[in-house]
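These protein sequences, in sequence, are chains S and V.
Going by my numbering, the first sequence opens with residue 3, and the numbers climb by one from there.
Going by my numbering, the second sequence opens with residue 332, and the numbers climb by one from there.
Glycine included, each C-beta is placed from N, C-alpha and C at the ideal position.
Here the structure comes first, spelled out in structure tokens, and everything after it is commentary.
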Amino acid sequence: MPESVPSSLIIDAFKEIFQVERRGKKRQDPLGWIISVPDTHQKSVLAALDKERSLRVLTCSTEDDANAVAAGLYMTGEPVIVMIQHAGLYASVNTIRGISMDGRVPIFYMIGLLSREKDKDPKDSRHSMVRFAEPLLDVFSIPHARMEGPDDVHFIAEYYRKSRERKGPAAVLVGLETA
Amino acid sequence: MMKPEEILKLIAAARGTAICVPTMTTAPAWRKIAPADLSVGCVGFMGGASALGLGLALGAPDRRVIVFDGDGSLLMQLGSLATIAGAAPRNLTHLLFKNGVYHTSGSQETPGGQGVDFAAMAKAAGYRNAYTINTLEDFKKRLPGLLTEDGPILVQLLTGLAESTPMTAGPSTPFHQQVAELHAKVGAR
Numbered sequence: 003m004p005e006s007v008p009s010s011l012i013i014d015a016f017k018e019i020f021q022v023e024r025r026g027k028k029r030q031d032p033l034g035w036i037i038s039v040p041d042t043h044q045k046s047v048l049a050a051l052d053k054e055r056s057l058r059v060l061t062c063s064t065e066d067d068a069n070a071v072a073a074g075l076y077m078t079g080e081p082v083i084v085m086i087q088h089a090g091l092y093a094s095v096n097t098i099r100g101i102s103m104d105g106r107v108p109i110f111y112m113i114g115l116l117s118r119e120k121d122k123d124p125k126d127s128r129h130s131m132v133r134f135a136e137p138l139l140d141v142f143s144i145p146h147a148r149m150e151g152p153d154d155v156h157f158i159a160e161y162y163r164k165s166r167e168r169k170g171p172a173a174v175l176v177g178l179e180t181a
Numbered sequence: 332m333m334k335p336e337e338i339l340k341l342i343a344a345a346r347g348t349a350i351c352v353p354t355m356t357t358a359p360a361w362r363k364i365a366p367a368d369l370s371v372g373c374v375g376f377m378g379g380a381s382a383l384g385l386g387l388a389l390g391a392p393d394r395r396v397i398v399f400d401g402d403g404s405l406l407m408q409l410g411s412l413a414t415i416a417g418a419a420p421r422n423l424t425h426l427l428f429k430n431g432v433y434h435t436s437g438s439q440e441t442p443g444g445q446g447v448d449f450a451a452m453a454k455a456a457g458y459r460n461a462y463t464i465n466t467l468e469d470f471k472k473r474l475p476g477l478l479t480e481d482g483p484i485l486v487q488l489l490t491g492l493a494e495s496t497p498m499t500a501g502p503s504t505p506f507h508q509q510v511a512e513l514h515a516k517v518g519a520r
């Protein structure tokens with residue numbers, strides 16, 4: 003059975019990623035950027051991020067904005083993570099294609115699977131927005147993993163690195179609402 | 332009506348080390364006027380120039396970032412006005428080339444056409460300042476201030492049509508190459 007992941011574990015993972023990215027760099031403040039269109043599934047993380055002075059959180063009007071802002075930050079050498087919901091993935095597929103895929107901009111996404119039933123694999127969900135997220139990522143050949151509990155937090159660093167290595171998008175799907 | 336190319340020539344002469352973000356019909360002309368400068372075009376994701384400029388402005392606070400937006404383009408991502416106002420980058424100048432049509436696709440009128448007041452929208456969204464300029468003389472006089480004034484500012488420029496569009500101008504540098512070049516020049520710090 004999947005489990006909720008505590009927000010503190012997720013934020014620690016973000017910080018470790020950013021610390022590695024900032025090593026030897028002139029700019030150290032902020033440690034890294036979280037570009038977000040608020041996701042109900044990850045709201046405990048967003049609430050905890052409000053108290054993190056070392057990370058800068060920018061809330062965007064749309065996921066299209068979030069992708070373009072992340073690209074601009076990347077081009078200036080800034081480390082960045084994008085937090086959105088599955089509905090935002092659907093809303094911004096053209097921008098993800100244009101920026102991260104065609105533009106070869108490494109963008110790492112945390113995507114919340116809001117309404118995912120605890121006792122079901124997402125492919126068996128009665129909600130289309132849960133069912134189609136992973137198949138959509140497959141269609142675009144975007145590497146992804148599903149975080150199903152605290153033991154899966156390592157996927158965050160792994161898929162962040164994957165986005166850098168392949169110069170394109172990579173994603174971790176958040177299976178259950180974070181704690 | 333101002334000619335977009337004349338506006339771009341004035342910017343090229345005054346921009347200093349600013350990063351420029353052209354989109355749609357300003358892109359071919361900017362390539363000719365400033366072929367080797369710090370620029371990245373919004374190509375393949377129409378509407379994204381303003382948010383791309385925001386990311387650049389936040390990541391490079393020591394440089395000016397100038398976005399050459401279009402009215403049809405901005406309408407596709409109008410919420411970016413609030414995103415930019417919320418982030419409040421002091422180094423962002425958002426120029427809006429307003430011609431009232433989708434020039435590239437055949438000059439169909441944009442929703443609301445020339446009646447849409449983007450300067451009022453930007454101000455209402457929370458931009459520090461927003462202006463409308465309709466003569467080249469006025470633009471030339473005010474340009475130095477527009478590139479140094481605390482942002483974010485939006486300048487609505489009432490223009491005619493550009494001489495060429497991305498569809499008539501021939502191939503451009505692929506977006507991924509522009510990204511890699513700007514990252515190498517600005518991001519490798």
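Residue 69 of chain S, enclosing alpha helix (DSSP H) - first and last residue: 65-77
Does DSSP put residue 177 of chain S in a helix, in a strand, or in coil? coil
Please report the straight-line C-alpha distance between residue 335 of chain V and residue 492 of chain V, rounded to a whole angstrom. 7 Å
State the start and end residues of the unbroken beta strand (DSSP E) segment that holds residue 220 of chain S. With chain S covering only 3 through 181, there is no way to say anything about residue 220 of chain S.
Hey, residue 449 of chain V and residue 405 of chain V are a contact pair by Cβ (cut 8 Å); roughly how many whole angstroms apart? Here residue 449 of chain V really is in contact with residue 405 of chain V; their C-beta atoms are around 6 Å apart, less than 8 Å.
My output table needs one value for residue 430 of chain V: the three-state DSSP class, helix, strand or coil. coil
Tell me the DSSP secondary structure of residue 400 of chain V in three-state form. Here residue 400 of chain V sits in strand by DSSP.
Could you tell me whether the Cβ of residue 507 of chain V comes closer than 8 Å to any Cβ of chain S? yes
Cβ closer than 8 Å: which chain V residues qualify as neighbours of residue 77 of chain S? 371, 386, 387, 390, 510, 513, 514, 517, 518
Alpha-carbon to alpha-carbon, residue 172 of chain S and residue 108 of chain S: About 8 Å.
Name the DSSP bridge partner or partners of residue 146 of chain S? S:173
Please compile the residues from chain S whose C-beta is within a distance smaller than 7 Å of the C-beta of residue 383 of chain V. 70, 73, 74
Are at least three pairs of beta-carbons, each pair with one atom in the segment 147-164 of chain S and one in the segment 86-100 of chain S, less than 8 Å apart? no
Going by DSSP in three states, residue 107 of chain S sits in which element: helix, strand or coil? Here DSSP, grouped into helix, strand and coil, assigns residue 107 of chain S to coil.
Can you give me the C-alpha to C-alpha distance between residue 116 of chain S and residue 339 of chain V, rounded to a whole angstrom? 46 Å
Residue 417 of chain V - DSSP class collapsed to helix/strand/coil: helix
Taking buried to mean at least 16 other C-beta atoms within 10 Å of its own C-beta, is residue 344 of chain V buried or exposed? With fewer than 16 Cβ atoms within 10 Å of its Cβ, residue 344 of chain V is classed as exposed.
Which same chain residues end up closer than 7 Å to residue 20 of chain S when comparing Cβ atoms and leaving out the 5 residues on each side of it in sequence? 33, 34, 81
Start and end residues, alpha helix (DSSP H) containing residue 162 of chain S: 156-168
Please confirm whether residue 63 of chain S has its beta-carbon closer than 8 Å to some beta-carbon of chain V. By the rule that beta-carbons nearer than 8 Å mark a contact, residue 63 of chain S touches chain V.
Indicate the three-state DSSP secondary structure (helix, strand or coil) for residue 137 of chain S in the structure shown. helix
Would you check if there are 3 or more beta carbon pairs closer than 8 Å linking the segment 411-423 of chain V to the segment 473-483 of chain V? yes
Do we get a CB-CB distance below 8 Å when we pair residue 343 of chain V with the residues of chain S? Taking CB atoms only, residue 343 of chain V has no neighbour in chain S less than 8 Å away.
Starting from the beta carbon of residue 41 of chain S, find every residue of chain V whose beta carbon is closer than 7 Å, and list them in chain order. Within chain V, not a single residue places a beta-carbon under 7 Å from that of residue 41 of chain S; the smallest gap is close to 16 Å.
Name the two residues that bound the continuous beta strand (DSSP E) containing residue 443 of chain V. It is not in any beta strand (DSSP E) - residue 443 of chain V carries neither H nor E in the DSSP assignment.
Which of helix, strand or coil DSSP assigns to residue 333 of chain V: strand
Short Cβ contact (8 Å threshold) for residue 519 of chain V with residue 70 of chain S: Taking the C-beta atoms as reference points, residue 70 of chain S is found no nearer than 8 Å to residue 519 of chain V.
Give the DSSP bridge partners of residue 485 of chain V, in chain order. Note: residue 485 of chain V sits in a beta bridge opposite V:425, V:461.
Would residue 180 of chain S and residue 22 of chain S qualify as a contact pair, given that the criterion is a beta-carbon distance under 8 Å? No, these two residues do not count as a Cβ contact at 8 Å.
Opposing strand residues paired with residue 61 of chain S [DSSP bridges]: S:38
The beta strand (DSSP E) with residue 359 of chain V in it runs from where to where? Taken as a continuous stretch (DSSP letters only), residue 359 of chain V belongs to no beta strand (DSSP E), being part of the alpha helix (DSSP H) at 357-364.
Could you tell me which residues DSSP pairs with residue 370 of chain V in its beta bridges? V:351
Where residue 83 of chain S meets chain V, residues with beta-carbon distance less than 9 Å: Under the 9 Å cutoff, chain V gives no residues; its nearest Cβ is about 13 Å from residue 83 of chain S.
Between residue 440 of chain V and residue 432 of chain V, how many whole angstroms is the CB-CB distance? I'm expecting something under 8 Å. 6 Å
Which of the three DSSP states, helix, strand or coil, is assigned to residue 90 of chain S? The DSSP-derived three-state label of residue 90 of chain S is helix.
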